[in-house]
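Protein chains in written order, with the working numbering: chain A, 304 to 429; chain B, 304 to 429. Just so it is clear, CB atoms sit at the ideal spot from N, CA and C, and this is done for glycine as well. Report on the following structure.
2 protein chains.
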Amino acid sequence: MLPKLTRLELEIMEVFWRRGPSSVREIQEDLPGKTRPAYTTVQTMVYRLERKRALRRARKIGNAHIFEPLVSRVAAHRRLVDELLGFFGGRMQPIVAHLVESGRLTPEDVQEAERTLRKFARKDKE
Amino acid sequence: MLPKLTRLELEIMEVFWRRGPSSVREIQEDLPGKTRPAYTTVQTMVYRLERKRALRRARKIGNAHIFEPLVSRVAAHRRLVDELLGFFGGRMQPIVAHLVESGRLTPEDVQEAERTLRKFARKDKE
DNA sequence: TCTTATTTACTACAACAGTAGTAGACACGT
DNA sequence: ACGTGTCTACTACTGTTGTAGTAAATAAGA
């Protein structure tokens, strides 16, 4: 079962997904400047992600551990969307309405959705 | 500024939005059986929602306070969607993709989105 | 080999979230 | 007016999240 990731954990995973296997130091330095936590803060988060089985120690370079992701970006993202959906009792309509009203669901997004839908419809028939 | 609401706080607000002004007892008894917390748990949450200015004491019946919502369901829902959007760096496409792939964005939902979009486009021109 | 900078492993702690108990106030029926 | 049950106001405790410090191990350069 996919572990639940918090905001900061997700930010850190995001760096791993971009960079691939990395050390704590590399991750910390790659975090956006304004939000950058102390080295040991990142270290703590990495350890927690390891306990949650979202990361694992892949190898060592010098005395530094190199960690790598065990969960994919897509899987983590899907979980986020599922959670939101839960809040809305599984009903899409209010979500879509909010997205449209806040002007962030563009006509292009909708067309893209239609394309994806058709692709899935075809796949179902096969 | 709209306060941030947690999972249980949202569940409780949901009952208020359905019922209108209510006592702690009424809310507690209206919560779904499997998840129903103790009376004092609900009471604590209601107090916290009051501190967060999501609820206020409207009046008294006997010695019981009647609370009423200060934030609307739509506003709270919009905040949830905005938060999710933040996780995705503001880009819609991955969210839509997940929704479609999990089979929860139906063709009807997309048509609904198109209708809403057209309505908004018209409004922009006015 | 000695020194030093880096890394690890561990500890700490405040805020928040979820959970609930208890003591005392109070309203209501008789 | 009394007793009883409900409600309030407070307190408490656990787990999680975000934050970081410190001591000891260790790699790597001089």
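Give a yes or no on whether the minimum CB-CB distance between residue i and chain B is below 8 Å.
| i | result |
| --- | --- |
| phenylalanine 319 of chain A | no |
| proline 372 of chain A | no |
| leucine 420 of chain A | yes |
Quick one: list the residues of chain A neighbouring residue i, beta-carbon separation under 9 Å, in chain order.
| i | result |
| --- | --- |
| histidine 401 of chain B | Val377, His380, Arg381, Leu383, Val384 and Asp385 |
Give the residues of chain B in contact with residue i, contact being defined as C-beta atoms less than 7 Å apart.
| i | result |
| --- | --- |
| glutamate 415 of chain A | Gln396 and Val399 |
| arginine 287 of chain A | Absent from the model: residue 287 of chain A. The displayed extent of chain A is 304 to 429, so no value can be given. |
For residue i, would you say it is in contact with chain A, using Cβ-to-Cβ distances shorter than 8 Å as the test?
| i | result |
| --- | --- |
| leucine 352 of chain B | no |
| aspartate 412 of chain B | yes |
| leucine 313 of chain B | yes |
In whole angstroms, what is the alpha-carbon distance linking residue i and residue j?
| i | j | result |
| --- | --- | --- |
| methionine 348 of chain A | glutamine 414 of chain B | 43 Å |
| glutamate 317 of chain B | glycine 365 of chain A | 54 Å |
| glutamine 346 of chain A | leucine 308 of chain B | 29 Å |
| valine 327 of chain B | tyrosine 342 of chain B | 8 Å |
| glutamine 396 of chain B | valine 403 of chain B | 11 Å |
On a CA-only basis, which of the options is nearest residue i? Give me that one, please.
| i | options | result |
| --- | --- | --- |
| methionine 304 of chain B | B:Ala379, B:Pro397 and B:Val327 | B:Ala379 |
| phenylalanine 390 of chain A | B:Arg425, B:Val377, B:Gly393 and B:Leu358 | B:Val377 |
| phenylalanine 335 of chain B | B:Lys355, B:Pro324, B:Arg354 and B:Leu311 | Checking the sequence, you will find proline at residue 335 of chain B rather than phenylalanine. If we check each option's Cα against that of proline 335 of chain B, B:Leu311 comes out closest. |
| alanine 367 of chain A | A:Ser325, A:Leu402 and A:Arg381 | A:Ser325 |
| tryptophan 320 of chain A | A:Leu358, A:Pro306 and A:Thr344 | A:Leu358 |
So, with DSSP's three-state summary, where would you put residue i?
| i | result |
| --- | --- |
| arginine 359 of chain B | strand |
| alanine 424 of chain A | helix |
| phenylalanine 390 of chain A | helix |
| alanine 367 of chain B | strand |
| proline 397 of chain B | helix |
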